[in-house]
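Everything below concerns the one structure shown next.
2 protein chains.
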Amino acid sequence: MKIGIIGYGKMGQLFYKLFENHGFDVLINDPKTKSASFQRVIKDSDYIMISANNEGNKKILTKLAKISKNGDLSNKLIFDISTFKKEIIKYYNKFSSNVLLSSIHPLFGSGMKDPKKHHIAIIPISKSDGSKLVENLFSNIGFNTFYVDYETHDKIISLTIGLSYIAGISLNKILTSYNKDIVNKLSGTTFKYLRNHYLSILNDSPEFVDYIFSQKEVKNVLKNYRKILSDLSDKNKRNKILNEIYSNSDEKEIEYAYKKMYSCIESY
Amino acid sequence: MKIGIIGYGKMGQLFYKLFENHGFDVLINDPKTKSASFQRVIKDSDYIMISANNEGNKKILTKLAKISKNGDLSNKLIFDISTFKKEIIKYYNKFSSNVLLSSIHPLFGSGMKDPKKHHIAIIPISKSDGSKLVENLFSNIGFNTFYVDYETHDKIISLTIGLSYIAGISLNKILTSYNKDIVNKLSGTTFKYLRNHYLSILNDSPEFVDYIFSQKEVKNVLKNYRKILSDLSDKNKRNKILNEIYSNSDEKEIEYAYKKMYSCIESY
Numbered sequence: 017m018k019i020g021i022i023g024y025g026k027m028g029q030l031f032y033k034l035f036e037n038h039g040f041d042v043l044i045n046d047p048k049t050k051s052a053s054f055q056r057v058i059k060d061s062d063y064i065m066i067s068a069n070n071e072g073n074k075k076i077l078t079k080l081a082k083i084s085k086n087g088d089l090s091n092k093l094i095f096d097i098s099t100f101k102k103e104i105i106k107y108y109n110k111f112s113s114n115v116l117l118s119s120i121h122p123l124f125g126s127g128m129k130d131p132k133k134h135h136i137a138i139i140p141i142s143k144s145d146g147s148k149l150v151e152n153l154f155s156n157i158g159f160n161t162f163y164v165d166y167e168t169h170d171k172i173i174s175l176t177i178g179l180s181y182i183a184g185i186s187l188n189k190i191l192t193s194y195n196k197d198i199v200n201k202l203s204g205t206t207f208k209y210l211r212n213h214y215l216s217i218l219n220d221s222p223e224f225v226d227y228i229f230s231q232k233e234v235k236n237v238l239k240n241y242r243k244i245l246s247d248l249s250d251k252n253k254r255n256k257i258l259n260e261i262y263s264n265s266d267e268k269e270i271e272y273a274y275k276k277m278y279s280c281i282e283s284y
Numbered sequence: 017m018k019i020g021i022i023g024y025g026k027m028g029q030l031f032y033k034l035f036e037n038h039g040f041d042v043l044i045n046d047p048k049t050k051s052a053s054f055q056r057v058i059k060d061s062d063y064i065m066i067s068a069n070n071e072g073n074k075k076i077l078t079k080l081a082k083i084s085k086n087g088d089l090s091n092k093l094i095f096d097i098s099t100f101k102k103e104i105i106k107y108y109n110k111f112s113s114n115v116l117l118s119s120i121h122p123l124f125g126s127g128m129k130d131p132k133k134h135h136i137a138i139i140p141i142s143k144s145d146g147s148k149l150v151e152n153l154f155s156n157i158g159f160n161t162f163y164v165d166y167e168t169h170d171k172i173i174s175l176t177i178g179l180s181y182i183a184g185i186s187l188n189k190i191l192t193s194y195n196k197d198i199v200n201k202l203s204g205t206t207f208k209y210l211r212n213h214y215l216s217i218l219n220d221s222p223e224f225v226d227y228i229f230s231q232k233e234v235k236n237v238l239k240n241y242r243k244i245l246s247d248l249s250d251k252n253k254r255n256k257i258l259n260e261i262y263s264n265s266d267e268k269e270i271e272y273a274y275k276k277m278y279s280c281i282e283s284y
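These protein sequence lines map, in sequence, to chains A and B.
For the first sequence, the positions run 17 to 284 when the numbering used here is used.
For the second sequence, the positions run 17 to 284 when the numbering used here is used.
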């Protein structure tokens, strides 16, 4: 079986290796790399994965939907790996019904090493759902997979990705005003652990970060975040917040996280 | 040589074990534990470490300063492990000059396992400095030690501890409105790593967290943080911030942090 990858960025490269290591023939199409032509990829591949950036994915899906009208994509599986699904899913409506469709979200980045430690969310496409094929493909490689509707997906992804960038970018910014060496010296374990977070997120491009911040639901998360910081500045409200957090906290979970943090920091 | 520990909380217990494992006789005084009397600890110990909470440390130093006037603490070493130094250092001025004095900040919590991976900051006390003894004591145990004046110490600690709690508490609060299971499922590697941070900080008591937020310099850090989040809500200002961060970033440092994050997450 042949898999075509359209869009050979960090994630495209990661999946290329994974598919190859699992014995698939893999074709690549990307304007930036010596690669197969778009025509050849869609003709020869049984499965086509779309992994360009957000605007690129929309263009590719538009192009493929047109082609599907001629019957040239019959029984092929097409799926994308876009971060947010609401907009992307509209593009699948334009496909001919003899194409199998799905949309996935790999919950990891290009640093992924062990599939067994990671999840892939599968968002079914009502039009002509090919999610079962996607599920088989990725669970055979070793990933944990689960199904989720696009609305829940986008709401929670806006939260988890949004918070990762809101916290990370603001920490990076505030630290530009301080001397790095003395900050590093006077960092406890907790801040050392956190530094690793705010440095890691810079592995993504500023364009991607801005794209995240531009999402409507991420804007709402940022608004809530600002309200909470305002409340934390007020002693009474702060104590209410601390009460709420501590009374809902799970001692075992905290102990586990704390141990994990130390083992992470001491292993380097 | 005997070491007395006054205040047997999490940190007191950690140092008790460390000192014992390194062959010292250790005496403990704490109202909450079956322990030696205050009188016995100060009479029999050569070194006295003060590790109660902030208000407790002030009371103990006041008591010891009085006793020092009778010459009963001659040539003994006294040091505390308070988080902030500006206020505490005033209490050392009241001691008789035949007592050796110092103040330290262990840059780790009770989860510490390997001293070689951690730092202790030493803040000299001009009155009658015993920092050399403290330095020998802790570097023999295996810690990395360095000297810093109390003003620099407090400024940078307000930043590193302040940011750890500002980020951690706000993340905990925002997540109280969401279903934990779906958030866990739809978390990428970066957010999983961050979750470990915001859960870990709950290992500290709410009283300690409130004490941190109540510090004047932490209040300023929170103010700056709020200004940055407000700027991040504005597309133009956000792009300026992203430009500044990315143009000052160190590619190797980012790559290292990113790898470290994955190895932390995949090791569990």
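C-beta: ideal position from N, C-alpha, C; glycine also.
Predicted model, so just to flag it, every value in this text is computed and none were measured.
Closest Cα partner of residue i within the set the options
i: E151/B; options: S265/B, K256/B, S193/B, L93/B; result: L93/B
i: M14/B; options: Y272/B, Y163/B, M65/B, P47/B; result: There is no way to answer for residue 14/B, as the model of chain B reaches only from 17 to 284.
i: D8/B; options: S193/B, I139/B, N160/B, V199/B; result: This structure does not reach residue 8/B, given that chain B is present from 17 up to 284, and the question cannot be answered.
i: N156/A; options: I281/A, Q29/A, F35/A; result: F35/A
i: Y227/A; options: N91/B, K82/B, L248/B, L210/B; result: L248/B
i: F54/A; options: K33/A, L116/A, S147/A, I76/A; result: I76/A
i: N245/B; options: E167/B, S186/B, D145/B, Y63/B; result: Note that residue 245/B is Leu in the sequence shown here, rather than Asn. Comparing Cα-Cα distances from L245/B to each of E167/B, S186/B, D145/B, Y63/B, the minimum goes to S186/B.
i: G87/A; options: Y63/A, V115/A, K79/A, I281/A; result: V115/A
i: K201/B; options: T168/A, N69/A, L89/A; result: T168/A
i: K304/B; options: A273/A, K251/A, Y214/A; result: The structure shown has nothing for residue 304/B, since chain B only spans 17 to 284.
i: N73/A; options: I172/A, L149/A, D96/A, L117/A; result: D96/A
i: N91/B; options: F124/B, L117/B, N252/B; result: L117/B
i: S230/A; options: T161/A, D197/A, S174/A, N212/A; result: S174/A
i: G25/A; options: V57/A, S51/A, N69/A; result: N69/A
i: I198/A; options: S84/B, F162/B, I270/B; result: F162/B
Test: residue i CB closer than 7 Å to a CB of chain A
i: A183/B; result: yes
i: I257/B; result: yes
i: E282/B; result: yes
i: M27/B; result: no
i: F224/B; result: no
i: N236/B; result: no
i: F159/B; result: no
i: F229/B; result: yes
i: K253/B; result: no
i: I269/B; result: Ile is not the amino acid found at residue 269/B; the sequence shown has Glu there. Taking Cβ atoms only, chain A reaches closer than 7 Å to E269/B, which makes this a yes.
i: A273/B; result: yes
i: N240/B; result: yes
i: S265/B; result: yes
Supposed contact pair residue j and residue i - C-beta distance, whole angstroms, cut 8 Å
i: G158/A; j: P131/A; result: 4 Å
i: V164/B; j: A137/B; result: 5 Å
i: G127/B; j: Y278/A; result: 4 Å
i: S81/A; j: F111/A; result: Here residue 81/A is Ala; the residue named in the question, Ser, does not match the sequence. About 5 Å; that satisfies the 8 Å criterion.
i: S9/A; j: S119/A; result: Because chain A here runs from 17 to 284, residue 9/A falls outside it and cannot be looked at.
i: D62/A; j: K18/A; result: 5 Å
i: A293/A; j: N212/B; result: There is no way to answer for residue 293/A, as the model of chain A reaches only from 17 to 284.
i: S67/A; j: I141/A; result: With 8 Å as the limit, S67/A and I141/A do not qualify as a contact, their Cβ atoms being about 17 Å apart.
Residue-level contact to chain B via CB, residue i, 7 Å cutoff
i: K18/A; result: no
i: N69/A; result: no
i: L123/A; result: yes
i: N219/A; result: yes
i: I97/A; result: no
i: D170/A; result: no
i: Y278/A; result: yes
i: F31/A; result: no
i: L34/A; result: no
i: N188/A; result: yes
i: S249/A; result: yes
i: S155/A; result: no
Under 8 Å from the C-beta of residue i: neighbouring residues of chain B
i: F207/A; result: T176, I177, L179, S180
i: F162/A; result: K201
i: E233/A; result: Those within 8 Å of E233/A in chain B number zero; the least Cβ separation is about 12 Å.
Heavy atom of the ligand HEM within 6 Å of residue i beta-carbon
i: L218/B; result: What this structure holds is no ligand at all, so the ligand HEM is not there to describe.
Contact list for residue i against chain C, beta-carbon separation under 8 Å
i: T49/A; result: Protein chains in the displayed structure are A and B, and chain C is not among them.
Neighbour list for residue i in chain A, Cβ cutoff strictly below 9 Å
i: E103/B; result: Those within 9 Å of E103/B in chain A number zero; the least Cβ separation is about 18 Å.
Where residue i meets chain A, residues with beta-carbon distance less than 8 Å
i: D135/B; result: Per the sequence presented here, residue 135/B reads as His, with Asp not at that position. Those are K201, listed as they occur along chain A.
Beta-carbon neighbours of residue i, restricted to chain B and to distances below 9 Å
i: M128/A; result: T205, Y278, E282
Under 7 Å by beta carbon: chain A residues contacting residue i
i: I198/B; result: T168, I172
i: S147/B; result: Going along chain A, no residue has its Cβ under 7 Å from S147/B, so there is no contact; the nearest lies around 16 Å.
I'd like to know if the stretch 245 to 262 of chain A and the stretch 191 to 207 of chain A are in contact, where contact means that at least 3 CB-CB pairs between them fall below 8 Å. no
Given 8 Å as the limit, is there contact between the stretch 34 to 50 of chain A and the stretch 93 to 108 of chain A, that is, 3 or more CB pairs closer than that? no
Just checking, does the stretch 164 to 180 of chain A make contact with the stretch 236 to 247 of chain A on the three C-beta pairs under 8 Å criterion? yes
Is the number of C-beta pairs between the stretch 23 to 42 of chain B and the stretch 245 to 257 of chain B that are closer than 8 Å three or more? With a cut-off of 8 Å, the stretch 245 to 257 of chain B and the stretch 23 to 42 of chain B do not count as touching, because too few Cβ pairs lie within range.
Can at least three beta-carbon pairs, one atom from the stretch 215 to 223 of chain A and one from the stretch 265 to 282 of chain B, be found at a separation below 8 Å? yes
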